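Residue numbers (the numbering used here), protein chains in the order written: chain A, -1 to 209; chain B, 47 to 545.
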């Protein structure tokens, strides 16, 4: 095989096949999938994210949450995603059309977060968990994200309404309080917005649970 | 109608035929080519090794953080995610790619039998490259990571790297056009393919994911088409080109079969680039895409087994030489790991196996089996051969060579084997909804500590190698002393001539 041009063309042709097959064709097939409107309830799914949650998604990206948490539910009977309660149905491509960066993830050092907004809607829980995961999930290996919080001296007006309720070894020194920063608020807004359980023709939610 | 000399031309690197030894020829021409490569090759090797040390430190920090989350937890720029991502990007783009380019430059000059052309172009490419990696890794640590695996460097860094890759492709094509040796050896097919494939992959991924992002899960498809092909169409061809060159060269014996090399090359070119979607088995993409990738992954058995047979039968009867040649030792370790990594990859792509191993440390073990036990070992082997030739000096310390080999060989085995087993058990536990998630986390802890230990062995090997390279460079400034001829550590021609 000493004929340069043939080699050159062969090299370009082989990669061109998957470039068309796995890049351009999916772009054609999936690039235009739109929202689904339920014919009975007129509900539109997936809805656009509110501004604060949208900014929180940027923090989720920047903090690299995707390296330990997936956002995809595998179909029933394949893995235990549905049995673990990570979703009521598998996720499909339409679930992700509102995401600026799609963060499906490939690692489950921590649990799946596709529906964390549904499974854990309590903002206070999320703040305490981010501040130090040992408070809510003893034995977790998630790193503490204390840098998303300010520790301040309690002012004249008394304890702030948004201060974290912390006890025992996690409590700040006397006279101090722990307040979420703007970033923490946006990140928690995003986490609470994570819900991919709309009833879709291509991925129906099981009837007995949907009722 | 192939006569004896044509057969040999097809099976041996061109410079082995015309550069001395097997049919006589002149060593002066080879020495001239080596000397012309000195500065650019040293640029790429030395900056690559600097990134290796940085990447090793980042790897150790990340590994410790995963079993001791409080470690260095106060600094936001050192979160597990940042350190892990900075590790991947320094070792992939800073270290492995730069060593690849250094090896490619030297191999192309040797195999085309011309002294290095346009050294200025290569130097500019190197400067751009290191600027790109510095800006990119800095951006990741500062929180600008794109969170797209293997493409985490922010949008302001990737075009710098793209320019560098494009310059390298241009340089390779120019060298190829000017070649004095008309016969193309198998290594050249792989090298030419790699330098043409990569800018295409990297350019497509940048445009479709960073500059003008596509919508929804098409991002995931482009992401894994790109990321898997970084391994399959950039590192793998350069690794195989090196094995095809150095094994025959060191043992002084032609490749077992020309036809197997042709089959191996074209089947890799056809199937590898379709593999990427096996990273998304069970994911929210159309079933046809994932099925196509699983089929292509299984088809990879053809190039893998073909290449394994070809390399094995080239080596048969020469395994005794492993004892004397560090190049051969690293190469054979890498070649065997290539087969193992590929077989593990094929198995993990199958739906029923992926159900267990996907989302677990099994994949991390697999990545290190491929990128380290195969590719990095092959690059170490190549550097053991190339560095003495471009510097015209012998390796200063045999003890450091042994420390390097045994440190990294034991280290990577201690990394890959336990982590593969652990990942499998982890996946089985995850798939049993009766097992609490936190119990799965607790199960992984002792294994993760073992990984830190393996990392320390790897780090010791890296330090030994870097000291030896530094010492070699110091020797460049000493007056030249006639090297001790070490039979079998050196050129193939020495072996053949001695017979």
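Glycine residues also receive a C-beta, built at the ideal position from the N, C-alpha and C atoms. None of the values given here were measured: they were computed from a predicted structure.
Residue 313(B): which of 350(B), 359(B), 74(B) and 324(B) sits nearest, CA to CA? Start at 1 with the first residue of the second chain, and residue 313(B) comes out as number 267. Here the closest residue by C-alpha is 350(B).
According to DSSP, is residue 201(A) helix, strand or coil? Your numbering for residue 201(A) matches position 203 in the first chain. Here residue 201(A) sits in strand by DSSP.
Residue 343(B) CB to nearest chain A CB: under 8 angstroms? Residue mapping note: residue 343(B) aligns to position 297 of the second chain, counting from 1. No, because no Cβ of chain A sits closer than 8 angstroms to the Cβ of residue 343(B).
Boundaries of the alpha helix (DSSP H) in which residue 451(B) is found, first to last residue: For the purposes of this step, residue 451(B) is identified with residue 405 of the second chain, where counting begins at 1. Residue 451(B) -> alpha helix (DSSP H) spans 444 to 476.
In angstroms with no decimal places, state the Cα-to-Cα distance between residue 289(B) and residue 179(A). Numbered from its first residue, the second chain carries residue 289(B) at position 243. Numbered from its first residue, the first chain carries residue 179(A) at position 181. Taking the straight line joining both Cα atoms gives about 54 angstroms.
Show which residues of chain B have a CB atom less than 7 angstroms away from the CB atom of residue 145(A). The count along the first chain starts at 1 and reaches residue 145(A) at position 147. Neighbours of residue 145(A) on chain B, chain order: 122.
If you reduce the DSSP assignment to three classes, tell me which class residue 274(B) lands in. Locating residue 274(B) in the second chain gives position 228, counting from the first residue. In the structure shown, residue 274(B) sits in a helix (DSSP, three-state: H, G or I).
Can you have a look at residue 522(B) and say buried or exposed, based on whether 16 or more other CB atoms are within 10 angstroms of its CB? On the second chain, residue 522(B) is found 476 positions in, with the first residue counted as 1. Under this definition residue 522(B) is an exposed residue.
Can you check the segment 218 to 262 of chain B for any alpha helix (DSSP H) of at least 4 residues that lies completely inside it and give the ranges in chain order? 232 to 251
Inspect the beta-carbon positions of residue 469(B) and residue 408(B) and report whether they are closer than 8 angstroms. The count along the second chain starts at 1 and reaches residue 469(B) at position 423. The count along the second chain starts at 1 and reaches residue 408(B) at position 362. Closer than 8 angstroms, so yes.
Say whether chain A places a C-beta atom closer than 8 angstroms to the C-beta of residue 516(B). Taking the first residue of the second chain as position 1, residue 516(B) is located at position 470. Chain A, which has no Cβ nearer than 8 angstroms to the Cβ of residue 516(B), makes this no.
Leaving aside the five residues before and after residue 201(A) along the sequence, list all residues of the same chain whose C-beta is less than 7 angstroms from its C-beta, in chain order. Stepping through the first chain from its first residue, residue 201(A) is reached at position 203. So the qualifying residues of the chain are 87, 88 and 90.
Can you grab the Cα-Cα spacing for the pair residue 25(A) / residue 316(B), in whole Å? One-based indexing of the first chain puts residue 25(A) at position 27. One-based indexing of the second chain puts residue 316(B) at position 270. Roughly 22 angstroms separates the two Cα atoms.
Comparing C-alpha positions only, which one of 371(B), 78(B), 347(B) and 255(B) sits nearest to residue 160(B)? Along the second chain, read from residue 1 onward, the residue named residue 160(B) stands at position 114. Checked all of 371(B), 78(B), 347(B) and 255(B); the closest Cα to residue 160(B) is 78(B).
Could you check what DSSP says for residue 422(B) in three-state terms: helix, strand or coil? Position 376 of the second chain holds residue 422(B). DSSP places residue 422(B) in helix when its eight states are reduced to three.
Chain B beta carbons: is any one of them nearer than 8 angstroms to that of residue 141(A)? Counted from its first residue, the first chain places residue 141(A) at position 143. At least one chain B Cβ lies under 8 angstroms of residue 141(A).
List, in chain order, every chain A residue whose beta-carbon is nearer than 8 angstroms to that of residue 335(B). Walking along the second chain from the start, residue 335(B) turns up at place 289. Here the neighbours are 20 and 24.
In the DSSP assignment, what are the bridge partners of residue 147(A)? By one-based count along the first chain, residue 147(A) stands at place 149. Partner(s): 178(A).
Let me know the secondary structure DSSP gives residue 42(A) once reduced to three states. By 1-based counting over the first chain, the position of residue 42(A) is 44. Of the three classes helix, strand and coil, the one that applies to residue 42(A) here is strand, per DSSP.
Given this structure, state the Cα-to-Cα distance separating residue 157(A) from residue 175(A), to the nearest angstrom. The residue given as residue 157(A) occupies position 159 in the first chain. The residue given as residue 175(A) occupies position 177 in the first chain. Taking the straight line from one Cα to the other gives about 7 angstroms.
What does the alpha-carbon distance come out to for the pair residue 100(B) and residue 136(B)? Locating residue 100(B) in the second chain gives position 54, where the first residue counts as 1. Locating residue 136(B) in the second chain gives position 90, where the first residue counts as 1. So the alpha carbons of these two residues sit roughly 7 angstroms apart.
I'd like the list of long-range same chain contacts for residue 368(B), defined as Cβ closer than 8 angstroms, with 5 residues on each side in sequence excluded. Position 322 of the second chain, counted from the first residue, corresponds to residue 368(B). Within the same chain, residue 368(B) has close Cβ partners 374, 375 and 378.
Could you pull the start and end residues of the alpha helix (DSSP H) that residue 101(B) belongs to? If you number the second chain from 1, residue 101(B) lands on position 55. Segment 73 to 113, the alpha helix (DSSP H) holding residue 101(B).
In chain B, which residues lie less than 9 angstroms from residue 17(A) when you measure between Cβ atoms? Counting from one through the first chain, the residue named residue 17(A) turns up at place 19. Those within 9 angstroms of residue 17(A) in chain B are 246, 247, 250, 271 and 319.
How about residue 70(A): is its C-beta nearer than 8 angstroms to some C-beta of chain B? Taking the first residue of the first chain as position 1, residue 70(A) is located at position 72. Chain B contact via Cβ: present.
Can you say whether residue 485(B) is buried or exposed, counting buried as having 16 or more other CB atoms within 10 angstroms of its CB? One-based indexing of the second chain puts residue 485(B) at position 439. Classification of residue 485(B): exposed, given that the 10 Å Cβ count is below 16.
Residue 416(B) beta carbon less than 8 angstroms from that of residue 343(B): Along the second chain, one-based indexing puts residue 343(B) at 297. Along the second chain, one-based indexing puts residue 416(B) at 370. In this structure, residue 416(B) does not lie closer than 8 angstroms to residue 343(B) by Cβ.
Below 8 angstroms on the Cβ atoms is my contact criterion, and I expect residue 189(A) with residue 124(A) to pass it. Report the Cβ-Cβ distance as a whole number of Å. What you label residue 189(A) is simply residue 191 of the first chain in a count that begins at 1. What you label residue 124(A) is simply residue 126 of the first chain in a count that begins at 1. That pair is a contact at about 6 angstroms.
Can you tell me whether residue 305(B) is buried or exposed, with buried defined as 16 or more other CB within 10 angstroms of its CB? One-based indexing of the second chain puts residue 305(B) at position 259. Residue 305(B) should be labelled exposed.
I'd like to check one pair, residue 323(B) with residue 339(B): are the Cβ atoms closer than 8 angstroms? Counting from 1 along the second chain, the entry for residue 339(B) is found at position 293. Counting from 1 along the second chain, the entry for residue 323(B) is found at position 277. Yes, Cβ-Cβ distance for residue 339(B) and residue 323(B) is below 8 angstroms.
List, in chain order, every chain B residue whose beta-carbon is nearer than 9 angstroms to that of residue 202(A). Taking the first residue of the first chain as 1, we reach residue 202(A) at position 204. Under the 9 angstroms cutoff, chain B gives no residues; its nearest Cβ is about 15 angstroms from residue 202(A).
Distance between residue 341(B) and residue 460(B) (C-alpha atoms, nearest Å): Numbered from 1 along the second chain, position 414 holds the residue referred to as residue 460(B). Numbered from 1 along the second chain, position 295 holds the residue referred to as residue 341(B). Rounded to the nearest angstrom, the two C-alpha atoms are 31 angstroms apart.
Integer-rounded CB distance, given that residue 320(B) should sit under 8 angstroms from residue 16(A): In the first chain, the residue the question calls residue 16(A) occupies position 18. In the second chain, the residue the question calls residue 320(B) occupies position 274. Contact holds; Cβ gap of about 5 angstroms.
Would you check if there are 3 or more beta carbon pairs closer than 8 angstroms linking the segment 148 to 160 of chain B to the segment 242 to 257 of chain B? no
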